Amino acid sequence: MVGLLFAKPVDKPEEYKNVFVYLENGQGKLKRVALEMIGIGKQLASKVNEELVGILIGNDIEDMAKEAASYGCDRVIGTQSKDLADFRTVPYANIVGDIVLKEKPNVFLIPATRNGRDLASRIAVKCQAGVTADCTELDIEADTHILSAHRPTYGESMLAEILCRKHRPQMATARAGIFKVPDRSGEPPKGKIEINNVKIDKEYLVKEILEFRKKEKIDLTAAETVVSGGLGLGGPEGFKQIEQLAKVLGGEVGASRPTADLGWISRDHQVGQTGTTVRPKLYVAAGISGKIQHIMGMKNSETIIAINTDPNAEIVKYSDYFINDDVKKVIPALIKALKNYKPEAKDAAKAEAVSK
Amino acid sequence: MVLEIVVMVKQVPDSQEVVIDPVTMNLNRSLTRNVTNKADENALEAALSIKDKTPAKITIVSMGPPQTESTMIECLARGADRAVLVSDRAFGGADTYPTGLTVASAISKLEHFDVIIAGEESSDSSTGHVGPGVAEFLGIEQITYCSKIEYSKGHITAERELEDGTEVVRCPVPVLITMLLGSNFPRRQSLRRKIDATKKGIELWNLEKLGLQPEWVGVRGSPTIVRRMQSIKERERAGKRITIETIPEMVKELYEKNILKVKK
Ligand SMILES: Cc1cc2nc3c(=O)[nH]c(=O)nc-3n(C[C@H](O)[C@H](O)[C@H](O)COP(=O)(O)OP(=O)(O)OC[C@H]3O[C@@H](n4cnc5c(N)ncnc54)[C@H](O)[C@@H]3O)c2cc1C
Ligand SMILES: Nc1ncnc2c1ncn2[C@@H]1O[C@H](COP(=O)(O)O)[C@@H](O)[C@H]1O
Chain A
1 MVGLLFAKPV DKPEEYKNVF VYLENGQGKL KRVALEMIGI GKQLASKVNE ELVGILIGND
61 IEDMAKEAAS YGCDRVIGTQ SKDLADFRTV PYANIVGDIV LKEKPNVFLI PATRNGRDLA
121 SRIAVKCQAG VTADCTELDI EADTHILSAH RPTYGESMLA EILCRKHRPQ MATARAGIFK
181 VPDRSGEPPK GKIEINNVKI DKEYLVKEIL EFRKKEKIDL TAAETVVSGG LGLGGPEGFK
241 QIEQLAKVLG GEVGASRPTA DLGWISRDHQ VGQTGTTVRP KLYVAAGISG KIQHIMGMKN
301 SETIIAINTD PNAEIVKYSD YFINDDVKKV IPALIKALKN YKPEAKDAAK AEAVSK
Chain B
357 MVLEIVVMVK QVPDSQEVVI DPVTMNLNRS LTRNVTNKAD ENALEAALSI KDKTPAKITI
417 VSMGPPQTES TMIECLARGA DRAVLVSDRA FGGADTYPTG LTVASAISKL EHFDVIIAGE
477 ESSDSSTGHV GPGVAEFLGI EQITYCSKIE YSKGHITAER ELEDGTEVVR CPVPVLITML
537 LGSNFPRRQS LRRKIDATKK GIELWNLEKL GLQPEWVGVR GSPTIVRRMQ SIKERERAGK
597 RITIETIPEM VKELYEKNIL KVKK
């Protein structure tokens, strides 16, 4: 047993310097979210004139370390071993924890991905420090170097600002897909790269990764348009129409949970609290009633079109356009209108200018 | 040998009916009904389905105010064997750090444990930090975000759902698992067990029993503080009524507003 360490305020917060970010590695590649951490980390570090330091763990990490430096890390601390090729909580947490305890960062950001959250609170416990989960806005006070972390709570209805004044590092997990990927600076990168080869003690390698099944290639989070179907489609054949519309719009197919429960479509398409959260430019909800668990996964879409026979369905409240009719009639009419649409002359000229 | 399973359970305000006090911007607890955190029901069901096949004993551990008893009785009525409610004024206002510390210290006071199962996150604080925190305090490995778990010969085999795929892992006990919300169908409560549970009662443990210092727990032991709460304004959407006949007009508007782009 590690022991029951309580959260301990530090005596001299001014001894803690620089912004550290955890660079998440997925199957030997820097994840996009790692670049997002560099983006927000750099912004915080510049504001207080400090360095941005990336922590990277894996096997064969040199290229990833260089990539991180080219995106703006002033320093990358890498640790590699063949036993670190797969993410395993205990060895990863031990390594990150040791680095953080030794380096004494003022701020430490970890992406709020599943593996990021898996690590974050264990590291907080090792450092006897606090951690704010799932932040969507981060800022640092120029004079006090206090991190101001904002996170949605109560089912995304409120935004809380959370501080951690007395403990160091000030840790936060940051939501993926919110912070901007910075521009890549010139090659070769200026940042300093240190890579340590380590041997991992067997006793820390009890967890075996037997298999990784990559998802089929649908990525709802990256789609600009999502067309989702619900029970109102009446059966699995209803998704054929949904697919056609998605194709015309150049988007992906989404679904409400009960349609996936019934096997009308695979689970990967499910949008909502227990599925994927999407924020496309255009979301079409066809035959979906608009129950809160579905809404939570799509309400931040830019424009929402709902198709429903029930004029009082809850989805109406969340829609920019509400087509109050049968999906079976609406979708063909919509496809036809999309195909028939001819931009007026000046729009067409504009479109042409843009595409050149 | 009986497999000792601990399930971590939290009582939360019913997310369907959260009432925010417009003045303090805090949750108005007197107007909000309390229920068992949904993902924790999935955690209990995962434990019960291990017990269906393997001799096991399930202990519920929760830190919370006295009214958490209703949640504990529910868990016993579903098939848990023992319930420990860790409750003390001093625990109030805890963030995830002292919550993990308190729950871990209660678990370490049990005679033995092999598997600890928590929910992926609680619906009110939704951090997912308490489970891994407990694993760290106890110095054990963990498998988070599981959609499926199985126990056999001293090992848990589990499927973890990650952003880009499913990871299948195997780990010897002791290990902490967190179960995904909706990963299984929680069984019903039995009325007979419910009556037994009410009679048998729930063990109440306080600060003294855990041997923790009052400044380590609750609000005093919490490194994070909430400086401000703001309500997020839901964007008002127009809900513009469209009929089959006016669909072409809507399409035109979508292009003109650049929501759809003309492809060449
Ligand atoms: C813990 C938990 C987690 C959940 N997570 C999710 C989640 O992640 N995602 C999710 O989607 N749900 C989730 N749910 C389920 C959610 O509560 C709803 O049950 C679900 O979203 C409803 O799906 P639906 O809208 O397809 O079906 P219904 O609610 O049955 O709605 C069907 C709609 O179709 C309309 N309709 C019927 N016929 C037609 C027609 N011919 N043309 C047009 N419209 C028609 C009806 O008027 C109705 O509004 C969850 C529930 C729980 C308890
Ligand atoms: N007060 C508590 N008592 C017991 N278990 C808890 C408590 N708070 C959280 N948990 C467990 O930790 C999980 C994650 O909670 P959270 O970190 O609050 O999102 C929950 O699903 C519970 O299983």
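Read top to bottom, the protein sequences are chains A and B.
Position one of the first sequence corresponds to residue 1 (the working numbering), numbered consecutively onward.
Position one of the second sequence corresponds to residue 357 (the working numbering), numbered consecutively onward.
No residue lacks a Cβ here, since even glycine has one placed at the ideal position from N, Cα and C.
Every value quoted in this text rests on a predicted model; they were computed, and no experiment measured them.
Please confirm whether any heavy atom of ligand 2 lies closer than 7 Å to the CB of residue 312 of chain B.
Chain B is shown from 357 up to 620; residue 312 of chain B falls before or after that span and cannot be answered.
Please confirm whether residue 2 of chain A has its beta-carbon closer than 8 Å to some beta-carbon of chain B.
With a pLDDT of only 47 at residue 2 of chain A, under 50, the local geometry of the prediction cannot be trusted, and no value is derived from it.
State yes or no: is the beta carbon of residue 475 of chain B nearer than 8 Å to at least one beta carbon in chain A?
So, not an interface residue.
Neighbourhood of residue 371 of chain A by C-beta, 6 Å cutoff - its chain only, sequence neighbours within 5 removed:
No information on residue 371 of chain A is available, as it lies outside the stretch 1 to 356 that chain A covers here.
Cβ-Cβ separation, residue 441 of chain B to residue 362 of chain B (assumed contact under 8 Å), whole Å
Residue 362 of chain B to residue 441 of chain B, Cβ: 13 Å. No contact.
Whose CA, out of B/471, B/418, B/404, lies closest to the CA of residue 529 of chain B?
If we check each option's Cα against that of residue 529 of chain B, B/471 comes out closest.
Should residue 231 of chain A be listed as close to ligand 1, given that the test is whether its C-beta is under 7 Å from any heavy atom?
For ligand 1, at least one heavy atom lies less than 7 Å from the Cβ of residue 231 of chain A.
When you compare the stretch 27-42 of chain A with the stretch 62-79 of chain A, are there three or more beta-carbon pairs, one atom per stretch, that lie closer than 8 Å?
Three or more pairs of CB atoms, one per stretch, sit closer than 8 Å, so the stretch 27-42 of chain A contacts the stretch 62-79 of chain A.
Three-state class that DSSP yields for residue 501 of chain B in the structure shown
Residue 501 of chain B falls in the strand class under three-state DSSP.
Closest Cβ-Cβ distance between residue 367 of chain B and chain A: below 8 Å?
For residue 367 of chain B, the answer is no, since every Cβ of chain A falls outside 8 Å of its Cβ.
Residues of the stretch 92-122 of chain A in Cβ contact with chain B at a cutoff of 8 Å, in chain order, please.
Those would be 93, 113, 114, 115, 117, 118, 119, 120, 121, 122, in chain order.
Test item: CB-CB of residue 484 of chain B and residue 554 of chain B under 8 Å
Result no, Cβ atoms of residue 484 of chain B and residue 554 of chain B do not sit closer than 8 Å.
Please identify, using Cβ separations under 8 Å, the residues of the stretch 314-326 of chain A that lie next to chain B, in order along the chain.
So the list reads 316, 317, 318, 319, 320, 321, 322, 323, 324, 325, given in the order they occur along the chain.
Using 8 Å as the Cβ pair cut-off and three pairs as the minimum, do the stretch 84-96 of chain A and the stretch 205-215 of chain A touch?
Result yes; three or more Cβ-Cβ pairs closer than 8 Å.
Specify, as a first and last residue, the run of the alpha helix (DSSP H) that residue 632 of chain B falls within.
The question about residue 632 of chain B has no answer, for chain B in this structure spans 357 to 620.
What residues are listed by DSSP as bridge partners for residue 560 of chain B?
Within the DSSP bridge table, the entry for residue 560 of chain B names B/441 as partners.
Under 8 Å Cβ to Cβ from residue 166 of chain A, same chain only, skipping five residues before and after it: list those, please.
The answer, listed in chain order, is 9, 10, 13.
DSSP on residue 283 of chain A, reduced to helix/strand/coil?
Three-state result, residue 283 of chain A: strand.
Taking the C-alpha atoms as reference points, what is the distance between residue 502 of chain B and residue 401 of chain B?
In a straight line, the C-alpha of residue 502 of chain B is about 13 Å away from that of residue 401 of chain B.
Give me the chain A residues within the contact set of residue 608 of chain B, using Cβ-Cβ distance strictly less than 7 Å, ordered along the chain.
Within 7 Å Cβ-Cβ: 341.
Have a look at B/564, B/491, B/500, B/424 and flag the residue whose alpha-carbon is nearest the alpha-carbon of residue 446 of chain B.
Nearest option by C-alpha distance: B/564.
Compare the C-beta of residue 137 of chain A against all C-beta atoms of chain B and say whether one is closer than 8 Å.
Under the Cβ distance rule, residue 137 of chain A does not count among the residues neighbouring chain B, no pair being separated by less than 8 Å.
Alpha carbon of residue 114 of chain A to alpha carbon of residue 518 of chain B, nearest angstrom:
For residue 114 of chain A and residue 518 of chain B, the distance between alpha carbons rounds to 6 Å.
Tell me the DSSP bridge mates of residue 507 of chain B?
Bridge partners of residue 507 of chain B: B/512.
Extent of the continuous beta strand (DSSP E) to which residue 608 of chain B belongs:
It is not in any beta strand (DSSP E) - residue 608 of chain B instead sits in the alpha helix (DSSP H) that spans 603-612.
Closer than 9 Å at the beta carbon, the chain A residues around residue 461 of chain B:
Simply 4.
Any beta carbon of chain B sitting closer than 8 Å to that of residue 152 of chain A?
Among the CB atoms of chain B, one or more fall inside 8 Å of the CB of residue 152 of chain A.
Just tell me which of A/258, A/214, A/72 has its CA closest to the CA of residue 189 of chain A.
Measuring C-alpha to C-alpha distances from residue 189 of chain A to each of A/258, A/214, A/72 identifies A/72 as the nearest.
Residues of chain B with a CB under 7 Å from the CB of residue 90 of chain A: which are they?
Simply 497.
Please confirm if residue 585 of chain B has its CB atom under 8 Å from at least one CB of chain A.
At a cut-off of 8 Å between beta-carbon atoms, residue 585 of chain B makes contact with chain A.
Tell me, which residues are paired with residue 252 of chain A by DSSP?
According to DSSP, residue 252 of chain A bridges with A/226.
Among the residues of its own chain, which have a CB less than 6 Å from the CB of residue 355 of chain A, if the five just before and after it don't count?
Note that residue 355 of chain A scores a pLDDT of 47, beneath 50, so its modelled location is shaky and nothing firm can be said.
Proximal residues to residue 119 of chain A (C-beta, below 8 Å), its chain only, five neighbours per side dropped:
Cβ within range, chain order: 22, 89, 92, 93, 96, 110.
By alpha-carbon positions, which one of B/432, B/497, B/510, B/614 ends up nearest to residue 417 of chain B?
Ranking the options by Cα distance to residue 417 of chain B, first place goes to B/432.
Got a sec, what are the start and stop residues for the alpha helix (DSSP H) residue 170 of chain A sits in?
Annotation for residue 170 of chain A: no alpha helix (DSSP H) segment contains it, though the beta strand (DSSP E) segment containing it runs 170-174.
Beta-carbon neighbours of residue 519 of chain B, restricted to chain A and to distances below 7 Å:
Chain-ordered, the chain A residues with CB closer than 7 Å to the CB of residue 519 of chain B read 113, 114.
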